Amino acid sequence: VDNATQLNLMRSSVLLKQAVTLLELNYPSIDVEELKSSLKVSQVVEDDHGGGKKVNTKIFAIAYTDSDPVKTQTVLHALQRVYQNYNLEQQQQRLDKGFGFINEQLPHMQHKVNQAEASLEQFREQQNLIDPALQAKALTERLNTIQQEQQTTRTKIRHLQAQYTSLQQQLGRSPQDALIASRLSQSSRYQSLLDEIQKTELALVKERLRFQDNAPTIQDLLAQRQNQRRVLQREVGRVLQNELPPIQTRGEALLKQGQLGSLDLGIANKLAEAQVELQALQAQSRSLLNTEQQLRAELNRFPNLMAEFSRLQPEVEINRATLQELLKARQDLGLELARNKFDWQVVEQPELGERIAPDLKQNLLLGIVAGLTLGAIATFLREAIDDSVHTSDDLKKQVDWPLLGMVPELMNLEAQEPIISLPFRKSLALAPSTPQVMDWMPFREALDLLYKNIQLLNSASVLKSLVFTSALAGEGKSTLALGLAMSAARLHQRVLLIDADLRRPSLHKQLNLPNEQGLATLLTSETPLQHFTGIQQITSPSDIRIAVLTSGPTPADPAKLLSSQRMAEIMAAFEQSYDLVILDAPPVLGIVDAILVASFCKGVVMTGRIGQVTRSELSQAAAMLNRLNVIGLVANGANSPIYNYPPYPYTDRRHNRQQP
């Protein structure tokens with residue numbers, strides 16, 4: 006039983022009810038619910054006797070809590086008795102179930118083993134096989150050997166046929182004639198008869214020179230020659246012994262059959278030997294072919310035999326293994342029961358209860374230590390998890406761009422009168438927060454310093470257009486763009502501020518400007534710039550004048566407009582008409598608008614808010630802007646001691662008074 010099940014059994018109501026029955030004489034008021042609520046059963050340790058093998062020895066601790074120490078000991082004694090009785094019952098049930106199941110399965114499994122073995126033996130006897138795979142392998146190897154011998158024999162036959170043809174051409178006779186001529190040439194009696202016939206022929210020639218053919222002498226020689234030829238014919242029959250077809254017995258052919266020279270006789274012998282060897286090789290080739298066909302026919306039976314054997318053999322092995330497992334299980338069960346492995350042993354006898362009331366002083370010390378530890382851990386985890394950029398130095402370390410300036414964290418400013426007066430007949434008063442920021446001296450000085458750094462950084466080439474963007478929304482890029490436009494205008498620059506965020510524009514809200522016409526309207530129309538009336542002029546009380554182009558109505562596809570040729574044309578025209586064109590672009594991460602806008606401008610300024618942007622977000626944005634002309638980085642919300650320096654007094658032209 007696993008540990009969780011064992012604990013549940015020991016806390017079960019069935020066993021606790023038996024303990025209540027044993028305790029009701031001394032403690033009649035105790036019941037199962039009270040016993041269960043005050044009883045704690047837990048596992049202490051699980052022994053491991055080494056060697057990497059886990060031994061199923063479990064130790065459980067049983068604790069009972071009550072105000073009477075004697076009662077706790079008595080309850081534990083009752084539980085000990087209940088658990089031991091329960092263990093004896095379970096051991097007997099385990100014994101009965103284990104042996105009963107095994108003894109029930111053994112005859113059935115033995116029958117399956119016998120049946121499987123009988124089927125396998127019958128298959129082997131019927132097919133005269135021991136192991137089809139091995140026998141098929143042996144047949145295959147034999148077939149390969151036969152095929153190699155067949156190939157060798159065919160090669161020898163081709164070679165011998167070529168030699169046979171060459172010898173036949175040299176001799177100029179058929180194989181039968183060559184054999185006949187060879188035997189006759191080697192017969193001494195045949196050669197003697199030929200000599201006598203030749204002598205008779207010579208005598209006949211001489212006599213014909215003197216006599217006519219009807220002369221008795223000529224007739225005697227002709228008769229003698231005829232008799233000699235008949236004797237020669239009989240000699241030929243004797244030499245050949247009817248082993249070869251009959252030869253010509255008339256004319257000059259009979260006289261020329263056995264007249265071979267030593268060279269021709271050697272060739273004739275070789276030709277005869279070649280013929281015999283050729284016939285033997287052909288017979289061997291036919292025998293090998295028959296053997297190959299028989300082996301192939303035998304091998305064609307083996308796929309089905311091997312499939313049947315593969316079905317019978319594993320069945321025998323599996324049944325045998327299962328039978329062995331059952332026998333081993335019965336043996337192991339008997340050994341474990343003999344060793345009392347399932348007995349519950351009492352490791353420690355129940356004792357009188359000890360006081361466990363709360364210790365106030367100890368609890369306070371533990372609380373202080375735990376609080377300090379948890380606080381340190383929480384601080385460490387917060388530092389490890391926090392990925393935000395907290396200082397301008399951290400911001401600068403994340404990118405390779407120069408730090409152009411640091412803008413201070415905005416303080417709680419009181420509402421002041423706007424410093425920018427807008428044209429007549431239009432409700433162009435600034436929102437309450439914007440004039441406070443623009444009129445706050447640390448902000449103005451920080452933006453003046455930022456603009457000067459940009460001029461010094463790009464002294465060799467004048468930047469006619471700048472794009473302000475950030476990694477995420479809410480990092481103050483719109484406010485910084487407006488502040489930089491004011492700083493450039495104070496230095497007598499003709500400045501155009503464009504809200505290039507066509508998805509979530511904010512510049513018209515900050516300046517409280519109408520947004521019926523704007524950049525989107527200009528991009529979607531063919532109106533020349535000199536006839537476009539959407540550019541609005543705003544003037545501050547100190548005569549600082551800038552031109553503002555709001556975003557206009559939200560288009561259906563901002564990316565398409567910002568990447569159009571129309572955008573390139575109007576940016577080129579604005580750079581000719583103004584000294585500086587500043588564009589407030591959307592954030593870099595998530596959308597492509599900022600990259601599209603920056604591709605038409607001379608420089609990009611990245612804004613990062615201290616404490617808000619994370620290192621990973623800043624790195625992602627830097628990677629996306631890496632191919633553009635990013636001139637530097639602005640730390641927004643920096644908390645630097647330089648901003649605590651008291652400002653110089655200046656004259657408020659609106660009220661003709663000095664303010665600190």
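Per the working numbering, numbering of the sequence shown is gapless, rising by one per residue and ending at 665. Where a beta carbon is used, it is the ideal one built from N, C-alpha and C, also for glycine. Here the structure is a predicted model, which is why all the values come from computation and not from measurement.
Problem - Assigned exposure category for P437 - 16 Cβ within 10 Å defines buried - result: Residue mapping note: residue 437 aligns to position 432 of the sequence shown, counting from 1. Confidence in P437 is poor, its pLDDT being 42 and thus under 50, which makes the residue's placement too unreliable to answer from.
Problem - Nearest-angstrom Cβ-Cβ length linking F579 and L501, presumed shorter than 8 Å - result: Reading the sequence shown from its first residue, position 574 is the one you call residue 579. Reading the sequence shown from its first residue, position 496 is the one you call residue 501. Between F579 and L501 the beta-carbon gap is near 6 Å, inside 8 Å, which marks them as a contact.
Problem - Residue range of the alpha helix (DSSP H) that includes K204 - result: In the sequence shown, the residue the question calls residue 204 occupies position 199. DSSP places K204 inside the alpha helix (DSSP H), whose first and last residues are 193-215.
Practice task
Using three-state DSSP, classify R508 as helix, strand or coil.
Solution key: One-based indexing of the sequence shown puts residue 508 at position 503. DSSP, reduced to helix, strand and coil, places R508 outside both helices and strands of the structure shown, so it counts as coil.
Handout entry: Validate contact between the stretch 477-495 and the stretch 519-531 using beta carbons, cut 8 Å, 3 pairs
Key = Segments in contact, no.
Handout entry: Identity of the residues DSSP links to F473 by a beta bridge
Key = Position 468 of the sequence shown, counting from 1, holds the residue named residue 473. F473 is bridged to D589, V610.
Practice task
Return yes when the C-beta of L328 is under 7 Å from any heavy atom of the ligand PLP, and no when it is not.
Solution key: This structure lacks the ligand PLP, and indeed carries no ligand of any kind.
Practice task
Between the Cα of V352 and those of L40, K63, L566, Q617, spot the shortest distance and give me the residue it belongs to.
Solution key: Locating residue 352 in the sequence shown gives position 347, counting from the first residue. Of the listed residues, the one whose Cα sits closest to V352 is K63.
Problem - Inside the stretch 505-569 only - alpha helix (DSSP H) runs reaching at least 4 residues - result: List check, alpha helix (DSSP H) in window: 512-516, 524-529, 563-567.
Exercise for the section: Could you work out which residue in M629, N458, L300, Y456 is closest to A141 when comparing CA atoms only? Expected result: Counting from 1 along the sequence shown, the entry for residue 141 is found at position 136. Among M629, N458, L300, Y456, the Cα nearest to that of A141 belongs to L300.
Handout entry: Which of helix, strand or coil DSSP assigns to L503
Key = Mapped onto the sequence shown, residue 503 falls at position 498. For the record, residue 503 in the displayed sequence is Ile; it is not Leu. Under the three-state reduction of DSSP, I503 is assigned to strand.
Exercise for the section: May I ask you to list the residues that DSSP assigns as paired with V412? Expected result: Residue numbering aside, residue 412 sits at position 407 when the sequence shown is read from its first letter. The partner list for V412 (beta bridge, DSSP) reads N641.
Problem - Cβ neighbour criterion (16 or more within 10 Å) applied to L377 - result: In the sequence shown, counting from the first residue as 1, residue 377 sits at position 372. With fewer than 16 other Cβ atoms within 10 Å, it is exposed.
Practice task
Kindly indicate which three-state DSSP category Y648 falls into: helix, strand or coil?
Solution key: To locate residue 648, count along the sequence shown from 1; it is residue 643. Per-residue confidence for Y648 stands at a pLDDT of 48, beneath the threshold of 50, marking its modelled position as unreliable; the derived number appears in the next sentence. Helix at Y648.
Handout entry: Helix, strand or coil at T77 according to DSSP, with G and I counted as helix
Key = Along the sequence shown, read from residue 1 onward, the residue named residue 77 stands at position 72. Of the three classes helix, strand and coil, the one that applies to T77 here is helix, per DSSP.
Handout entry: With 16 other Cβ atoms within 10 Å as the buried cut-off, status of S556
Key = Reading the sequence shown from its first residue, position 551 is the one you call residue 556. Classification for S556: buried.
Exercise for the section: Could you say which of E480, R215, A626 lies nearest to V412 if we only look at CA atoms? Expected result: The residue you call residue 412 lines up with position 407 of the sequence shown. With distances taken between Cα atoms, V412 lies closest to E480.
Practice task
Please go through the same chain and pick out, in chain order, the residues whose beta-carbon is closer than 6 Å to the beta-carbon of A573, but skip the five residues on each side of it.
Solution key: Taking the first residue of the sequence shown as 1, we reach residue 573 at position 568. Scanning its chain for C-beta atoms nearer than 6 Å, with the 5 sequence neighbours on each side dropped, one finds around A573 the residues F605, in chain order.
Practice task
Over the uninterrupted alpha helix (DSSP H) stretch that includes V25, give me the two end residues.
Solution key: Translated into the one-based positions of the sequence shown, residue 25 becomes position 20. Residues 18-28.
Exercise for the section: Leaving aside the five residues before and after Q131 along the sequence, list all residues of the same chain whose C-beta is less than 8 Å from its C-beta, in chain order. Expected result: Here residue 131 is taken as the residue at index 126 of the sequence shown, counted from 1. Residues of the same chain with their beta carbon placed closer than 8 Å to that of Q131 are lacking, with the five preceding and five following residues left out of the count.
Exercise for the section: Classify I35 as helix, strand or coil using the three-state DSSP reduction. Expected result: Stepping through the sequence shown from its first residue, residue 35 is reached at position 30. Coil.
Handout entry: Within 8 Å, strictly: CB atoms of V635 and V609
Key = To locate residue 635, count along the sequence shown from 1; it is residue 630. To locate residue 609, count along the sequence shown from 1; it is residue 604. For V635 and V609, yes; Cβs fall inside 8 Å.
Practice task
Go through its chain and collect everything with a Cβ distance to S470's Cβ below 8 Å, but skip five positions before and after it.
Solution key: Counting from 1 along the sequence shown, the entry for residue 470 is found at position 465. Here the set comprises M576, F579, E580, L585, V586, I587, L588, F605, C606, K607, G608.
Problem - Bounding residues of the alpha helix (DSSP H) (the contiguous stretch that carries F605) - result: As a position in the sequence shown, residue 605 is number 600, starting the count at 1. That residue, F605, is in no alpha helix (DSSP H); it is neither H nor E in DSSP.
Practice task
Helix, strand or coil for I596, going by three-state DSSP, please let me know.
Solution key: In the sequence shown, residue 596 corresponds to position 591, counting from 1. Coil, per DSSP.
Exercise for the section: Look at the alpha carbon of R449 and the alpha carbon of R495, and state the distance between them as a whole number of angstroms. Expected result: Here residue 449 corresponds to residue number 444 of the sequence shown, with the count starting at 1. Here residue 495 corresponds to residue number 490 of the sequence shown, with the count starting at 1. About 11 Å.
Exercise for the section: For V467, count neighbouring Cβ atoms within 10 angstroms of its own Cβ and tell me buried if that reaches 16, exposed if not. Expected result: As a working mapping, residue 467 is identified with position 462 in the sequence shown. Classification for V467: exposed.
Handout entry: Separation of A288 from P221, as counted between CA atoms
Key = As a first step, residue 221 must be located in the sequence shown, where it is residue number 216. As a first step, residue 288 must be located in the sequence shown, where it is residue number 283. Straight-line Cα distance between these residues: approximately 60 Å.
Exercise for the section: Alpha carbon to alpha carbon, how far is Q96 from Q11? Give it in angstroms, no decimals. Expected result: If you number the sequence shown from 1, residue 11 lands on position 6. If you number the sequence shown from 1, residue 96 lands on position 91. Annotation: Q11 to Q96 spans about 14 Å, alpha carbon to alpha carbon.
Handout entry: Environment of Q522 [buried if 16+ CB atoms lie within 10 Å]
Key = What you label residue 522 is simply residue 517 of the sequence shown in a count that begins at 1. It counts as buried.
Practice task
Might you give, ordered along the chain, the residues of its own chain that have their beta carbon closer than 6 Å to the beta carbon of M629, omitting 5 neighbours on each side?
Solution key: To locate residue 629, count along the sequence shown from 1; it is residue 624. Excluding sequence neighbours, M629 sits near V593.
Handout entry: Under 8 Å between C-beta atoms of G613 and L638
Key = Taking the sequence shown and counting its residues from 1, one reaches residue 613 at position 608. Taking the sequence shown and counting its residues from 1, one reaches residue 638 at position 633. Their beta carbons are under 8 Å apart, which means G613 touches L638 by this criterion.
Handout entry: Start-to-end residues for the alpha helix (DSSP H) that takes in N8
Key = Sequence index remark: in the sequence shown, residue 8 carries index 3 (1-based). Boundaries of the alpha helix (DSSP H) harbouring N8: 8-15, taken from the DSSP string.
Practice task
Give the single residue among L84, S34, T26 whose Cα lies nearest to the Cα of L14.
Solution key: In the sequence shown, the residue the question calls residue 14 occupies position 9. Nearest C-alpha to L14: L84.
Practice task
Provide the residue span of the alpha helix (DSSP H) that contains N458, from first to last.
Solution key: Position 453 of the sequence shown, counted from the start, is the residue given in the question as residue 458. First-last of the alpha helix (DSSP H) with N458: 446-462.
Practice task
Counting only the same chain and skipping the five closest in sequence on each side, list residues whose C-beta sits under 8 Å from that of M311.
Solution key: Working through the sequence shown from its first residue, we reach residue 311 at position 306. The residues P137, A138, A141, in chain order, have a CB closer than 8 Å to that of M311 in the same chain once the five nearest residues on each side in sequence are set aside.
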